[in-house]
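There are 2 protein chains.
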Amino acid sequence: MSFSLPERIEIMEVCPRDGFQSVKEFIPTEGKIAILDALAGTGISTMEITSFVSPKAIPQMADAADVTAHFNAKWRGKITSVALVPNLRGAESALAAGVDWMNFVISASVDHNMANTRRTVEESIEELKKVCALKGETKLRLSVATSFACPFAGDVPPEKVVRVVEESLDAGVDGVTLCDTIGTTDPKYLANTLTEMRARYGDYPFALHLHDTHGMALANMLTAMRMGFSSFDAAAGGLGGCPFAPGAAGNAATEDMANMAERMGIPTGIDIPKLLAVVRSMKSDFGLTTYSHLAVADKGCCNS
Amino acid sequence: MSFSLPERIEIMEVCPRDGFQSVKEFIPTEGKIAILDALAGTGISTMEITSFVSPKAIPQMADAADVTAHFNAKWRGKITSVALVPNLRGAESALAAGVDWMNFVISASVDHNMANTRRTVEESIEELKKVCALKGETKLRLSVATSFACPFAGDVPPEKVVRVVEESLDAGVDGVTLCDTIGTTDPKYLANTLTEMRARYGDYPFALHLHDTHGMALANMLTAMRMGFSSFDAAAGGLGGCPFAPGAAGNAATEDMANMAERMGIPTGIDIPKLLAVVRSMKSDFGLTTYSHLAVADKGCCNS
Numbered sequence: 002m003s004f005s006l007p008e009r010i011e012i013m014e015v016c017p018r019d020g021f022q023s024v025k026e027f028i029p030t031e032g033k034i035a036i037l038d039a040l041a042g043t044g045i046s047t048m049e050i051t052s053f054v055s056p057k058a059i060p061q062m063a064d065a066a067d068v069t070a071h072f073n074a075k076w077r078g079k080i081t082s083v084a085l086v087p088n089l090r091g092a093e094s095a096l097a098a099g100v101d102w103m104n105f106v107i108s109a110s111v112d113h114n115m116a117n118t119r120r121t122v123e124e125s126i127e128e129l130k131k132v133c134a135l136k137g138e139t140k141l142r143l144s145v146a147t148s149f150a151c152p153f154a155g156d157v158p159p160e161k162v163v164r165v166v167e168e169s170l171d172a173g174v175d176g177v178t179l180c181d182t183i184g185t186t187d188p189k190y191l192a193n194t195l196t197e198m199r200a201r202y203g204d205y206p207f208a209l210h211l212h213d214t215h216g217m218a219l220a221n222m223l224t225a226m227r228m229g230f231s232s233f234d235a236a237a238g239g240l241g242g243c244p245f246a247p248g249a250a251g252n253a254a255t256e257d258m259a260n261m262a263e264r265m266g267i268p269t270g271i272d273i274p275k276l277l278a279v280v281r282s283m284k285s286d287f288g289l290t291t292y293s294h295l296a297v298a299d300k301g302c303c304n305s
Numbered sequence: 002m003s004f005s006l007p008e009r010i011e012i013m014e015v016c017p018r019d020g021f022q023s024v025k026e027f028i029p030t031e032g033k034i035a036i037l038d039a040l041a042g043t044g045i046s047t048m049e050i051t052s053f054v055s056p057k058a059i060p061q062m063a064d065a066a067d068v069t070a071h072f073n074a075k076w077r078g079k080i081t082s083v084a085l086v087p088n089l090r091g092a093e094s095a096l097a098a099g100v101d102w103m104n105f106v107i108s109a110s111v112d113h114n115m116a117n118t119r120r121t122v123e124e125s126i127e128e129l130k131k132v133c134a135l136k137g138e139t140k141l142r143l144s145v146a147t148s149f150a151c152p153f154a155g156d157v158p159p160e161k162v163v164r165v166v167e168e169s170l171d172a173g174v175d176g177v178t179l180c181d182t183i184g185t186t187d188p189k190y191l192a193n194t195l196t197e198m199r200a201r202y203g204d205y206p207f208a209l210h211l212h213d214t215h216g217m218a219l220a221n222m223l224t225a226m227r228m229g230f231s232s233f234d235a236a237a238g239g240l241g242g243c244p245f246a247p248g249a250a251g252n253a254a255t256e257d258m259a260n261m262a263e264r265m266g267i268p269t270g271i272d273i274p275k276l277l278a279v280v281r282s283m284k285s286d287f288g289l290t291t292y293s294h295l296a297v298a299d300k301g302c303c304n305s
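This is how it looks when you write it as structure tokens:
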């Protein structure tokens, strides 16, 4: 059987943004920084460190500037930093704080974009253009939320993804991530959309952001890898989800993704035992609810 | 991209055997029967209902004959029954109780076979031959434990699987299941072994038994499906593991497997909402610790 895989994959650690924003109780800035430092020591090359979002919308991210200042003092030049910016105002703050990449979000699904940002897709693209005009040397990534499934509209047809990607590439974004925001898409549907993207954009290096709500994140990751995609978002301890949707599951855990890749002989740069120690301390020292298969696994055997 | 999948898959519900045997506290027979009846109503066509194992080794299975008697009174002819038999003595009990299939276990890994059964592989094959001689009209399945990974010997080379399969087919088994007993194998390794099996045995319908210790069960299931394999074991609520290895994770949850298949347009016959109700009651009415992504999932959305 043909089983081709990328020679190497890149994992962006999103726990400090997508992970922390799903935690209701405010994590003190020094706690965030301690976890960020520990994660930075696991061999990760890129990290989404915070979100420059209104503290009214997501109080957990109120210390975005402080977290970024700490990161820049300690890690800039060693680890690539990414900050989520939901709008022009967030971009201005991110640029003032100093990050390597900004990550702007537009949903492929109109319904979700309206719910998430109170904008039409057209309005979001106009906002993105303004961020592009402002970004200077800072790079800008577009995350296409609900690229496969929408909580309101169901399956999202590839044309809706193409539309957002097309306009954003025209506007000048430097990278694009396709997001299974609600973590319910299946490998066949994902493969169909990715095939469409390949047909239109050749080997453009789309990244994938896969939530694990229905347990298919690794199957989806594998499917994307077998099509040659090699950049993935993941959150240590499987944190993540939505602050407004308790019960929605988080991202695929970085350790589970890295383990699958490494087991298949694909280097990730991540020191998995070290990462597992960080995940344990996120739980024991900071009371965070983590979930990853690797973290709970034990050696053993059974009948069959 | 080529993304071929089977037209239909068969899931064998193993919760009443592999699931229950991992539960330390004895589940009263009436509780077992209530869950078995509820699972029988979810559209499943085959169920591993118990194990005719020594009650000293696994006290939870001490009521194998009673459970089988109940099943036969209520479900025989409607649902195919399977009972695990670890040895000739177990087979005699199973045949006396009356089951459609017996499921005999031999490990591909010598070390695991010795630990699990206190027999060499040769001795296990001799025992299997005795069961074959006794089985009459009752069908006999061989589950090849540690077909991919062994807790003691690490990766298991395909030759070791072939050796057990070869001798067992010669002995007259009616079906073979390849088991990722400890749930740590990866899709590439699995695909390599399955490719070897295809090369030797053509389209022989091997079933797969995939534990989810490292979260790769669905990725492995997908890999097998893409190679045309269409029979899988699964346990409602993700129960399972090893009574002697607390912390080892269970089987892939039936509801997660069925959901992935159904989402990809592959019928399973399983009524997923009905199954989820059973899983909830396993937790609320019987205090069982269940884990499945689908059971905890909630509708929601998040930033990206």
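In order, the protein sequence lines correspond to chains S and V.
To convert a position in the first sequence, counted from 1, into the numbering used here, add 1.
To convert a position in the second sequence, counted from 1, into the numbering used here, add 1.
Just so you know, even glycine gets a beta-carbon here, dropped at the ideal spot from N, CA and C.
The structure presented is a predicted model; accordingly, all values stated were derived computationally and were not measured.
Between the beta-carbon of V/L276 and that of V/T255 there is about 6 Å, and that keeps the pair under the 8 Å contact cut.
In the DSSP assignment, S/I126 falls within the alpha helix (DSSP H) that extends over 122 to 135. Taking 9 Å as the upper bound on Cβ-Cβ separation, chain S lies near residues H210, H212, D213, T214, H215, G216, M217, A218, L219, A220, N221 of the segment 206 to 221 of chain V. Residue contact with chain V for S/V297: present (Cβ-Cβ distance below 8 Å to some residue of chain V). For S/A208, the enclosing beta strand (DSSP E) covers residues 208 to 211. Within the same chain, Cβ atoms closer than 6 Å to the Cβ of V/A218 are found at L211, A253, the five residues on either side in sequence being excluded. Taking the Cα of V/F149 as reference, the smallest distance to any Cα among V/T182, V/F207, V/G42, V/E127 is reached at V/T182. Taking 8 Å as the threshold, the shortest C-beta distance from S/F53 to chain V does not fall below it. Considering only beta carbons, the part of the segment 176 to 195 of chain S lying closer than 9 Å to chain V consists of T178, C180, T182, I183, G184, T185, T186, D187, P188, K189, Y190, A192, N193, L195, in chain order.
Taking a Cβ-Cβ cut-off of 9 Å, the neighbours of S/D257 in chain V comprise H215, G216, M217, given in sequence order. Residues G184, H212, D213, T214, G242 of the same chain have their beta carbon placed closer than 7 Å to that of S/A250, with the five preceding and five following residues left out of the count. V/H294 has a beta carbon lying within less than 8 Å of a beta carbon in chain S. Of V/C151, V/E49, V/D64, the smallest CA-CA separation from V/S55 is found for V/D64. Chain order gives the chain V residues near S/F4 as P188, K189, A192, N193, T196, T224, where near means a beta carbon separation below 9 Å. One Cα belongs to V/S3, the other to S/R227, and the distance between them is close to 11 Å.
DSSP places V/V83 in the strand class (E or B) of the three-state scheme. A contact is defined here as three or more CB-CB pairs under 8 Å, and the segment 104 to 113 of chain V meets this definition with respect to the segment 148 to 163 of chain V. Remark: three or more beta-carbon pairs, one from each stretch, lie closer than 8 Å, so the segment 37 to 49 of chain V and the segment 10 to 24 of chain V are flagged as touching. Here V/V83 is near V/D101, since their CB atoms are less than 8 Å apart.
Residues of chain S with a Cβ closer than 8 Å to the Cβ of V/M115 do not exist; the shortest Cβ-Cβ separation is about 11 Å. Annotation for S/F233: the continuous beta strand (DSSP E) segment containing it runs 232 to 235. Ranking S/K284, S/V166, S/T186 by CA distance to the CA of S/V157 puts S/T186 first. Per DSSP, S/F4 lies in no alpha helix (DSSP H) segment and is marked neither H nor E. Under the three-state reduction of DSSP output, S/N88 falls in the coil class, being neither helix nor strand.
Contact annotation: in the segment 264 to 275 of chain S, residues whose CB is within less than 8 Å of a CB in chain V are R264, M265, G266. Residue pairing by DSSP puts V/G155 in a beta bridge opposite V/C151. One thing to note: S/P60 has its Cβ within 8 Å of the Cβ of S/F27.
The contact set of S/N260 on chain V, defined by CB atoms closer than 7 Å, consists of H215 in chain order.
By the rule that beta-carbons nearer than 8 Å mark a contact, S/A250 touches chain V. When the Cα atoms are used, S/G270 and S/K75 turn out to be separated by approximately 20 Å.
In the three-state reduction of the DSSP assignment, V/K75 falls in the helix class, which pools H, G and I.
According to DSSP, residue pairing for S/E14 in a beta bridge involves S/M48, S/A235. For S/G176, the pairing in a beta bridge is given by DSSP as S/R142.
Its chain contains I107, A109, V145 as the residues whose beta carbon lies nearer than 6 Å to that of V/V165, once the 5 sequence neighbours on both sides are disregarded; these appear in chain order. Comparing C-alpha distances from V/F287 to each of V/T30, V/E8, V/P7, V/D19 shows the shortest one belongs to V/T30.
The criterion of a C-beta distance shorter than 8 Å is satisfied by S/L295 and S/N260.
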